[in-house]
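First the structure, in the form of structure tokens, and then the observations on it.
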Amino acid sequence: MYESVIDGDAAIAHLYELCEIEENTGRGEYMREQFEALGLTTEVTPISWYSNEDENVFADYRGDPDSDQYLVVCAHHDTVSNSPGANDNGSGSVMLLELADALVRNDAKINIRFASFGLEEKGLIGARKYAAALSEEEKSYIKGAVNLDCIGNGSDLVIITKDYYARTTPWINEEIEKTADSMGIAYEERSIGFGASDQAALIKAGIDATFICRMEGHSIPDIHSPNDKPENNNPDQLAEVGDLTYNALFNIYNAEPRAIEEKEDAPEVAPPDGRFQRSQDWPILL
Ligand SMILES: [Zn+2]
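For the numbering used here, count along the sequence shown from 1 and bump the result up by 1.
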């Protein structure tokens, strides 16, 4: 058993507040305010896609001033129009806040840039705009990235090895798995053939990144549904992902990036109940 640093009930309390906010930009502002309340420096980039408005919110924790390197920990705060967006992806968003809180409380010697992306549901718009605006020099400071999307509900903790868009980075997955093993946390590696989340935009831009989520069997509970409510999220399941992520960040931060012999792909997850269809041009998004 491990010592928990993440308070699942505090995460759920944030989740209720976040899901009260319908406008995506308002959800971004909630994230900014909460990061600032923790004493982190924030930066906001407004983004739009056709008539959709949102913002990318960044918050920096710098506990290792001797290094220029940092990790990006990201989640998207926007939701589809017919859904309160609790699991997808209020859950990942509030975990950014709990992770930031834990780093501050523990005076952690690590550099993290939290990225709360907007308009993921419109095609990874926030993450794509962020990645496109990075210079090669700026990218060189980013050691790696971890994306949290749909982590609040589901019996299985899943490390995604490949989504519709991109293969995640094996050395980062290996560090997370090593961490999980040391903590006694069970996980599965899976690839998904039906969706993509923000890490794919970062990987396409040349940044090493991965994606952690939860599944129930082969589906993501309540995704894109009016039933995606805070009360359907589980504080213990949320905290488990948070504790794993928190501890893995230190191992990723201190690891040497390395090539790893490619494993065979994990079994591909079938689209749940036929709701997700593969599109040649555009992936259906998580
Ligand atoms: Zn999502």
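We put the CB at the ideal spot given by N, CA and C, even for glycine. Since we're looking at a predicted model, the values are computed, not measured.
Proximity test, residue i beta-carbon vs ligand 1 heavy atom, cut-off 6 angstroms
i      : result
ASN90  : yes
ASP150 : yes
Residues of its chain near residue i, where Cβ-Cβ distance is below 7 angstroms and the 5 sequence neighbours each way are ignored
i      : result
GLY86  : CYS20, THR80, ASP229
ALA267 : THR162, GLU190, ARG191, SER192
THR180 : LEU245, ASN248, ALA249, ASN252
ARG276 : Bear in mind that a pLDDT of 45 at ARG276, under 50, signals an unreliable position, so the model cannot answer this.
ILE48  : ASP55, GLU56, ASN57, GLY119, LEU120, ILE126, GLY127, LYS130
ALA167 : ALA201, ILE204, LYS205
PRO227 : ASN83, SER84
ARG259 : TRP172
ILE22  : ARG28, TYR31
ILE261 : PRO171, TRP172, GLU175
Cut-off 6 angstroms between Cβ atoms - residues of its own chain near residue i, not counting five sequence neighbours on either side
i      : result
PRO236 : GLY9, ASP10, ILE13
ALA116 : PHE59, VAL73, CYS75
ASP157 : GLU189, MET216
PHE145 : In the sequence as displayed, the identity of residue 145 is Gly instead of Phe. Result list for GLY145: LEU72, ILE173, ASP209, ILE253, in chain order.
GLU371 : No statement about residue 371 is possible, as the shown extent of the chain runs from 2 to 287 and does not include it.
ASP274 : A caution first: ASP274 carries a pLDDT of 48, below 50, which makes its placement in the model unreliable, though a value can still be read off. Here the set comprises nothing.
ILE186 : LEU245
ILE221 : CYS151
GLN281 : Note that GLN281 scores a pLDDT of 41, beneath 50, so its modelled location is shaky; the value from the coordinates is reported in the next line. Cβ within range, chain order: n/a, list empty.
Anticipated Cβ contact below 8 angstroms, residue i with residue j, distance rounded
i      : j      : result
SER192 : VAL242 : So it is not a contact: roughly 19 angstroms between Cβ atoms.
MET359 : ILE173 : One cannot answer for residue 359 here, as it falls past the ends of the chain, which runs 2 to 287.
PRO231 : LEU16  : 5 angstroms
ASN148 : THR211 : 7 angstroms
GLN35  : LEU98  : 5 angstroms
ILE160 : GLU138 : That pair is no contact at about 30 angstroms.
Below-7 angstroms beta-carbon distance, residue i vs any chain B residue
i     : result
CYS75 : In the structure shown, chain B cannot be found, because there is only a single protein chain.
Nonlocal neighbours in the same chain, by C-beta distance under 8 angstroms from residue i, ignoring five residues either side
i      : result
TYR142 : ASP69, GLN70, TYR71
THR132 : What sits at residue 132 in the sequence shown is Ala, not Thr. Taken in chain order, the residues that qualify are ALA202, LEU203, LYS205, ALA206, ILE208.
GLU176 : ALA249, ASN252, ILE253, ALA256
ASN107 : VAL6
Residue i and residue j closer than 7 angstroms at C-beta
i      : j      : result
ASN53  : LEU120 : yes
ASP65  : ILE111 : yes
ARG33  : THR43  : yes
HIS219 : SER84  : no
ASN154 : ASN88  : yes
GLY91  : ASP150 : no
ASP102 : LEU41  : no
ALA197 : ASP164 : yes
MET184 : TYR51  : no
Taking only runs that begin and end inside the stretch 88-133, name each unbroken beta strand (DSSP E) of 3 or more residues, in chain order.
-> Whole beta strand (DSSP E) segments, 3+ residues: 112-118.
Could you tell me which uninterrupted alpha helix (DSSP H) segments, each at least 4 residues in length, are contained entirely in the stretch 126-183, listed from first to last along the chain?
-> You should have 126-134, 137-141.
Which residue spans inside the stretch 41-95 form an unbroken beta strand (DSSP E) run of at least 3?
-> Segments of the beta strand (DSSP E) lying fully in the stretch 41-95: 42-50, 53-63, 71-77.
Start-end ranges of the beta strand (DSSP E) lying completely within the stretch 202-246, minimum 3 residues = Taking 3 residues as the minimum length, the beta strand (DSSP E) runs contained wholly in the stretch 202-246 are 210-216, in order along the chain.
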